[in-house]
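Chains C and H are the protein sequences, given in the same order. Residue numbering for the first sequence follows the working numbering, starting at 2 and increasing by one per position. Residue numbering for the second sequence follows the working numbering, starting at 813 and increasing by one per position.
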Amino acid sequence: AQSVAQPEDQVNVAEGNPLTVKCTYSVSGNPYLFWYVQYPNRGLQFLLKYITGDNLVKGSYGFEAEFNKSQTSFHLKKPSALVSDSALYFCALGGSGAGSYQLTFGKGTKLSVIP
Amino acid sequence: EAQVTQNPRYLITVTGKKLTVTCSQNMNHEYMSWYRQDPGLGLRQIYYSMNVEVTDKGDVPEGYKVSRKEKRNFPLILESPSPNQTSLYFCASSSTPGELFFGEGSRLTVL
């Protein structure tokens, strides 16, 4: 069975500092990985995905994520955090096969950017 | 504007009173899905649909029904709601694997 874990329930970072939100995964085949963001009282929004190719993936709002196969990780990063980045972030793992719509979500990490 | 619309956004009901949460998308997506979000548990899939008249169970289907008679609509039905179904519900649709468009959510309280 596949699984995805977000080891930190909450991450606090000062505005202007780099941020990292961690995600690890377990899957028997090739991983298809996604990040979503949920702002307060809103639905989730797609940020970025890794399917294959370059290990550094760029997405919306200046976010990027680094895929590391040996560490089975897909950490979300941003060079300089904004207060408006404060939100709940979800890592997700795609189902078997690149054509699968099914996602397994992590439990989420609350990011607080402190002014 | 591309969107997934859920109604109602907020609902307080009592145990056993049947309710339906509607979901409609205007993007002609074939795939639609329902999730519930609970603190500490993340998002869990209830049901999904790959196309009209094709539905399947997700991880937590007990106590829920769905139907997909039209491509744009995917209602979630709680025939006899119970307090453990108090949750935040999200509908989503997609035309690209893994890239979901989510609705704004429906917060349901069952007393």
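Cβ coordinates follow ideal geometry from the N, Cα and C atoms, glycine included. None of these values were measured; they are calculated from a predicted model.
Item to check | Within chain H, the residues that C:Tyr-33 reaches when beta carbons sit closer than 9 Å | outcome: By Cβ distance, chain H contributes Pro-909, Gly-910.
Next on the checklist: Pull the bridge partners of H:Leu-831 from the DSSP assignment, please.
Outcome noted: According to DSSP, H:Leu-831 bridges with H:Leu-890.
Checklist entry - Taking Cβ to Cβ, would you say H:Val-826 is nearer than 8 Å to H:Gly-915? => result No, Cβ-Cβ distance for H:Val-826 and H:Gly-915 is not below 8 Å.
Item to check | Which residues DSSP lists as bridging H:Cys-903, in chain order | outcome: Beta-bridge pairing links H:Cys-903 to H:Trp-846.
Next on the checklist: Counting only C-beta atoms, is H:Ser-906 closer than 8 Å to chain C at any point?
Outcome noted: Chain C, which has a Cβ nearer than 8 Å to the Cβ of H:Ser-906, makes this yes.
Item to check | Segment limits, beta strand (DSSP E) that includes H:Lys-881 | outcome: No residue range can be given for H:Lys-881, since it is assigned to no beta strand (DSSP E) and is classified by DSSP as neither H nor E.
Checklist entry - Going by beta carbon distance, what residues of the same chain come within less than 7 Å of C:Ser-27, once the five residues before and after it are set aside? => result Within the same chain, C:Ser-27 has close Cβ partners Gln-3, Ser-4, Thr-73.
Next on the checklist: Between C:Leu-104 and chain H, is any beta-carbon pair separated by less than 8 Å?
Outcome noted: Judged by the 8 Å Cβ criterion, C:Leu-104 is in contact with chain H.
Checklist entry - Short check: CB of H:Gln-849 to CB of H:Phe-913, under 8 Å? => result In this structure, H:Gln-849 keeps its C-beta atom at 8 Å or more from the C-beta atom of H:Phe-913.
Next on the checklist: Rounded to the nearest angstrom, what separates H:Ser-899 and C:Tyr-40 at their Cα positions?
Outcome noted: Looking at the two C-alpha atoms, the distance is approximately 17 Å.
Item to check | Three-state secondary structure (DSSP) of H:Asn-896 | outcome: Helix.
Checklist entry - Using a beta-carbon distance below 8 Å, is C:Lys-59 in contact with chain H? => result Residue-level contact check: C:Lys-59 does not touch chain H, since none of the beta carbons of chain H fall below 8 Å from its beta carbon.
Next on the checklist: Does any residue of chain H have a CB that is nearer than 8 Å to the CB of C:Phe-91?
Outcome noted: At least one C-beta of chain H is nearer than 8 Å to the C-beta of C:Phe-91.
Next on the checklist: Measuring alpha carbon to alpha carbon, tell me which residue in C:Lys-108, C:Thr-53, C:Ser-81, C:Gln-7 is nearest C:Ser-68.
Outcome noted: The amino acid at residue 68 of chain C is misidentified as Ser; the sequence shows Phe. Ranking the options by Cα distance to C:Phe-68, first place goes to C:Thr-53.
Checklist entry - Since C:Lys-50 meets chain H, which of its residues come closer than 8 Å, beta carbon to beta carbon? => result Those are Gly-910, Glu-911, listed as they occur along chain H.
Item to check | Secondary structure of H:Asp-871, DSSP reduced to three states | outcome: Here H:Asp-871 sits in coil by DSSP.
Checklist entry - Closest by CA to C:Thr-105, which one among C:Leu-83, C:Glu-9, C:Gly-96? => result Of C:Leu-83, C:Glu-9, C:Gly-96, the residue nearest in Cα terms is C:Gly-96.
Checklist entry - Which one of H:Ser-906, H:Thr-908, H:Gln-897 has the shortest CA to CA distance from H:Gly-828? => result The candidate whose alpha carbon is nearest that of H:Gly-828 is H:Gln-897.
Checklist entry - What's the gap between the Cα of C:Cys-92 and the Cα of H:Ala-904? => result In this model, C:Cys-92 and H:Ala-904 are separated by some 16 Å (Cα to Cα).
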